[in-house]
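Below is one structure, written out as structure tokens, with a few remarks after it.
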Amino acid sequence: MSRIADRFAHLAASNEKALVCFVTGGDPDVGQLPAILENLEAGGADIIEVGIPFSDPIADGPTIQESSQRALDRGTKVSEIFEAVKSANITVPIVYMGYTNTAMRHGFQRFAQEVADSGADGVLLSDLTPEGGEEWKQHAHAAGLDTIFLAAPTSTDDRLRCACGAATGFVYCVSRTGVTGSEREVPREVTDLVARVRKVTSLPICVGFGISNADHVRMVCGVADGAVVGSHVVKLIHECWGRPHCEETLRAEVARLKSGTR
Amino acid sequence: MALKHNVAMPTDLRESAGRFGPYGGRYVPETLIPALDELSEALERYWADSDFREELRSYHRHVIGRPTPLTHARRISSELGFDVFVKREDLCHTGSHKLNNALGQALLARRMGKQRIIAETGAGQHGVATATVCAMFGLECVVYMGEEDVRRQEINVFRMRLLGATVVPVSSGTKTLKDATNEAMRDWVTNVESTHYIVGSCVGPHPYPSMVRRFQEVIGIECREQIVKQAGRLPDAAFACVGGGSNAIGFFSGFLADESVQLIGVEAGGRGLDSGEHAAPLTSGAPGVLHGSFSYLMQDDDGQVLPTHSISAGLDYPGVGPEHSFLKDSGRAVYVAATDGEALDAFVWLSRMEGLIPAFESAHAFAALRTYPVPKGGVAVVNLSGRGDKDMAVAAQTLHLGD
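Read top to bottom, the protein sequences are chains S and V. Be aware that the first sequence starts at 0, since it is given in numbering that gives the first Met the number 0, and climbs by one per residue. Be aware that the second sequence starts at 0, since it is given in numbering that gives the first Met the number 0, and climbs by one per residue.
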């Protein structure tokens, strides 16, 4: 059993859902990444997604796009992100989130090995669909990695079957509709999608769509197995890292988010 | 370089399942795949529909002004020692070949019931063409354009706004065509159900490269008929500039099956290939994924897409259409680069020798024509993909035309 599957099994046994936090590798300085990961884990993150910055991130919104640009402007190399993750003192499973060209340029086989050597557990390539990802999947699985694929509200049932068939670890449901602070319910688009995905897989389902507080996390965890918090965490770190008490602030915020999963 | 690599290319063998050899494919977020499936299906259905094709032909004739002429360029012919014929896409309505594609896609979008159109633009020619068809059909139009290009192609921004389009300046990344394309794709991910994205070149995920080629093939098909009529024979060589490569792929398509016709694509050499400041992925890049397809790409060891430079905004792009990558590897076409300086020289040369003011993009094709070894007494065709009016501000400054 992979460490990701293991984590979901443990959470289920204690009647909890997963809090998945996203950070961009290299924003702020890649040298700070181990400390950031350690604080996210200390705050209660169950899985951490580490974004590998790409120059042309077509699947990302403005916050993560700008964060990627800052990382690249600083000259962040992919190998430095791998080194930083490897040196972090954490036990939480790590999933890299990035784009196909990074993996392709390194070579799928070499990239999968580099990911595994960094101690990470899985990879999600935002612009790789399951039918185009056969070769990647083989190399990733050979290196012991989970391959996470996206499910979208626009996906047909056939495509959901295909994505879920190719996915290991968990399935990542995305939405185009962001939640606003006043909303009290998960958008219909998301509940429908999760229900359709449930019909075709027994894998855990995580949902990400602009979740920014514990209430959102709680809402999402009412229908899914985990909530992904991306832009909110990236923004928080960008605004406070390097200032006094940022690590405490980050841990406290993650703990608040985590409270929504119980 | 001698004329070689003359491999005939049956058109039905060069594309399969959205791939040209290994190139092409669909590398996009899952959200877009159903829209691409829908688009592929609509394209095949209407391409086979005689009403659609007849409507397209009618617009070609009565709106774009097709067939465009093939002009015998007599003075440069006598200077170069072989006959040069110029395919006059500069005479298309809106001033470039871009309308061929924008119109075709708009007709398709209307049949698909899409009321909102988005586009990216570099030089602004595709943006103007898209804004034009949206005005014709009463469609909402949003054009993404890099801030740098908004500055250097100001006239086209004014034209788009006059035509009723919303021009959104893009300030991310390199602030040029690549980043405008990123923003357009993000818009499409968000609004995919209401919106058709009119991609301006033969790039992007399947079916775009194939669709854009089909809408541009008319250039090459007309040109082949015209050259046979006017010169009494097929040309020895066909030249076209290549950014994303839509004018070139349309032009080349007319001659792909004629193995005696050498196809020469001309990329932007910028300040020289050795300087690193250029936009010549076929000449000096490596295959990778950008904007949804696998093709030659300017990138570093981590796969980060490199900044590009060209005097011509329309060629200032780090990627290229996947079919060009296939034509390069198969040897059916050759790709060379012309620098900013060579293109500017050709811009002046063509203006003074023939009274034709080319777009900076098209000037690259003429720059290569001047140095490429076409046989003496032979025949060459060059695609004049657009007119140079939009480049007058930069030309005036660089060439001191105001003095």
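Ideal Cβ positions, reconstructed from N, Cα and C, are used throughout, including at glycine.
Taking GLY225 (chain S) as the centre and dropping the five residues before and after it, the same chain places the C-beta of LYS16, ALA17, VAL19 and CYS205 closer than 6 Å to its C-beta, in chain order. With a cutoff of 8 Å on beta-carbon distance, PHE84 (chain V) and ALA230 (chain V) are scored as near each other. In this chain, the alpha helix (DSSP H) harbouring LEU42 (chain V) covers 32-46. Straight-line spacing of the CA atoms in GLY320 (chain V) and ARG212 (chain V) works out to 10 Å. A straight-line Cα-Cα distance of about 11 Å links TYR171 (chain S) and VAL189 (chain S). Using a Cβ distance threshold of 8 Å, CYS201 (chain V) and GLY145 (chain V) do not count as a contacting pair.
Annotation: GLY74 (chain S) is outside any beta strand (DSSP E) and is labelled neither H nor E by DSSP.
The contact set of VAL77 (chain S) on chain V, defined by CB atoms closer than 7 Å, consists of ASP301 in chain order. Identification of residues in the stretch 17-50 of chain V having a C-beta nearer than 9 Å to some C-beta of chain S yields GLY24, ARG25, TYR26, VAL27, PRO28, GLU29, THR30, LEU31, ILE32, PRO33, ALA34 and ASP36, given in sequence order. Taking PHE107 (chain S) as reference, the option from S:HIS140, S:SER117 and S:GLU130 with the minimal CA-CA separation is S:HIS140. Taking 8 Å as the upper bound for CB-CB distance, VAL265 (chain V) and PHE293 (chain V) are not in contact here, some 23 Å apart. Segment contact: the stretch 343-353 of chain V against the stretch 180-188 of chain V, fewer than three CB-CB distances shorter than 8 Å; contact not assigned.
Between the C-alpha atoms of PRO372 (chain V) and SER259 (chain V) there is a straight-line separation of about 15 Å. Boundaries of the beta strand (DSSP E) around ALA226 (chain S): 225-228. Rounded to the nearest whole angstrom, the C-alpha separation of ARG261 (chain S) and ASP301 (chain V) is 40 Å. Between the beta-carbon of ALA58 (chain S) and that of SER125 (chain S) there is about 4 Å, and that keeps the pair under the 8 Å contact cut.
Interface flag for ILE63 (chain S) against chain V is unset, since no Cβ pair is found closer than 8 Å.
Per DSSP, THR190 (chain S) is not a residue of any beta strand (DSSP E); the alpha helix (DSSP H) it occupies stretches across 187-199. A check of alpha carbon separations from PRO56 (chain S) across S:GLU79, S:GLY97 and S:PHE148 identifies S:GLY97 as the nearest. Proximity of VAL196 (chain S) to chain V, defined by a Cβ-Cβ separation below 8 Å, is not satisfied. Between THR101 (chain S) and VAL77 (chain S), the beta carbon gap of about 6 Å places them in contact (Cβ cut-off 8 Å).
Taking 8 Å as the cut-off, the beta carbon of ILE63 (chain S) is found closer than this to the beta carbon of GLY229 (chain S). Cβ contact annotation for ILE51 (chain S) (same chain, cutoff 8 Å, sequence separation greater than five): GLY24, VAL77, ILE80, TYR95, MET96, GLY97, TYR98 and THR101, in chain order. Just so you know, the alpha carbons of LYS228 (chain V) and GLY253 (chain V) end up roughly 15 Å apart. Taking 8 Å as the cut-off, the beta carbon of ILE218 (chain V) is found closer than this to the beta carbon of ASN382 (chain V). ILE47 (chain S) sits in a strand when the DSSP states are folded into three classes. A direct Cα-to-Cα measurement between PHE325 (chain V) and GLY20 (chain V) gives close to 6 Å. Here DSSP, grouped into helix, strand and coil, assigns ALA101 (chain V) to helix. Here SER95 (chain V) is bridged, per DSSP, to V:GLY385.
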